[in-house]
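Q: Under our numbering, think of the first position of the sequence shown as 362, with each following residue one higher.
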Amino acid sequence: MHGADYDPPQDPLAVVHHDHQILLVDKPAGLLSVPGKGAHLADCLIARVQAVFPEALLVHRLDRDTSGIMVFALTHSAQRHLGLQFEKRQTRKTYVARLTGRLEERRGTVDLPLGVDWPNRPRQHVDHENGRAAVTDWRVVRYEEADEDLPEGATRVRLTPHTGRSHQLRVHMLEIGHPILGDPLYASGAALRAPRMMLHAEKLKLRHPDGGEWQSYSAKCPF
Numbered sequence: 362m363h364g365a366d367y368d369p370p371q372d373p374l375a376v377v378h379h380d381h382q383i384l385l386v387d388k389p390a391g392l393l394s395v396p397g398k399g400a401h402l403a404d405c406l407i408a409r410v411q412a413v414f415p416e417a418l419l420v421h422r423l424d425r426d427t428s429g430i431m432v433f434a435l436t437h438s439a440q441r442h443l444g445l446q447f448e449k450r451q452t453r454k455t456y457v458a459r460l461t462g463r464l465e466e467r468r469g470t471v472d473l474p475l476g477v478d479w480p481n482r483p484r485q486h487v488d489h490e491n492g493r494a495a496v497t498d499w500r501v502v503r504y505e506e507a508d509e510d511l512p513e514g515a516t517r518v519r520l521t522p523h524t525g526r527s528h529q530l531r532v533h534m535l536e537i538g539h540p541i542l543g544d545p546l547y548a549s550g551a552a553l554r555a556p557r558m559m560l561h562a563e564k565l566k567l568r569h570p571d572g573g574e575w576q577s578y579s580a581k582c583p584f
């Protein structure tokens, strides 16, 4: 990614919830979660969050082109508590995506191990020998008819990852033959004409660091 290619949206910070321990925000598509290498990639969500909440600490991240709900810790103890939940796969994440073509089955699970595609970094790929386990449930929400922009039509789905591998949802959808519309790394042809990558982190369910009660937070899908 070169400096000229990185032009993140300048939307004001969209706070979904904040209290004395945690902060949840709705990340816009096109904005890095954390800074990249070089001054031209310094603008990112954590920097914008810390401009308003200087004590904010990173817990997890979303890909640059994915929008949606992200949680930050406001204390070190909250960061540890949340970090363990992500590590132990106790959080529940739900994404909305628009996929290329018509996915005929109504629901299913992709269970394919993933690893770095070293010659083509940052791409990931299915790697049965050295990859790490990755599991994604998917469910069709509705179908979109074919038109000039979508000659193959499209399928809106809800995706529930059970693991948190890099590019997991993107590679898993590619592997079942229906890449996410607008995905700059894994889509091709007409699917690339979408105005953005059609992947949004809609819901995040976690145990609140203060007391451990389950809480659910959401960010409305913008597409």
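Glycine included, every Cβ here is placed at the ideal spot set by N, Cα and C.
With a cut-off of 8 Å on the beta carbons, I'd call Arg493 and Pro474 a contact; round off their distance for me.
A: Arg493 to Pro474, Cβ: 6 Å. Contact.
Q: Going by CA-CA distance only, name the one from Pro373, Asp372, Asp366 and Val377 that's closest to Ala580.
A: It is Val377 whose Cα lies nearest to the Cα of Ala580.
Q: Give a yes or no on whether 7 Å exceeds the smallest Cβ distance from Trp499 to chain B.
A: This model lacks chain B altogether, as it is built from one protein chain only.
Q: Quickly, what does DSSP pair Lys454 with across the bridge? List them, please.
A: Beta-bridge pairing links Lys454 to Leu565.
Q: What are the start and end residues of the beta strand (DSSP E) that includes His533?
A: Taken as a continuous stretch (DSSP letters only), His533 belongs to no beta strand (DSSP E), being part of the alpha helix (DSSP H) at Gln529 to Glu536.
Q: In this structure, does DSSP put Gly462 in helix, strand or coil?
A: Looking at Gly462 - three-state DSSP - the assignment turns out to be coil, as it is neither helix nor strand.
Q: For Asp488, which of Ala551, Asp404 and Arg526 has the nearest alpha-carbon?
A: Checking every option, the nearest Cα to that of Asp488 belongs to Arg526.
Q: Would DSSP call His421 helix, strand or coil?
A: Coil at His421, not helix or strand.
Q: Among residues of its own chain, excluding the 5 on either side of Phe433, which ones have a beta-carbon nearer than 8 Å to its beta-carbon?
A: Excluding sequence neighbours, Phe433 sits near Ile383, Leu384, Leu385, Val386, Ile407, Val410, Phe414, Ala417, Leu418, Leu419 and Val420.
Q: Inspect the beta-carbon positions of Asp544 and Arg531 and report whether they are closer than 7 Å.
A: Taking 7 Å as the Cβ cut-off, Asp544 and Arg531 qualify as a contacting pair.
Q: Given a threshold of 16 other Cβ atoms within 10 Å of its Cβ, counted over all protein chains shown, does Asp424 qualify as buried or as exposed?
A: Its Cβ being crowded by 16 or more others within 10 Å, Asp424 is buried.
Q: Quick check on DSSP: helix, strand or coil for Asp366?
A: If DSSP states are grouped into helix, strand and coil, Asp366 belongs with the helices.
Q: Helix, strand or coil: which one does DSSP assign to Val413?
A: Three-state result, Val413: helix.
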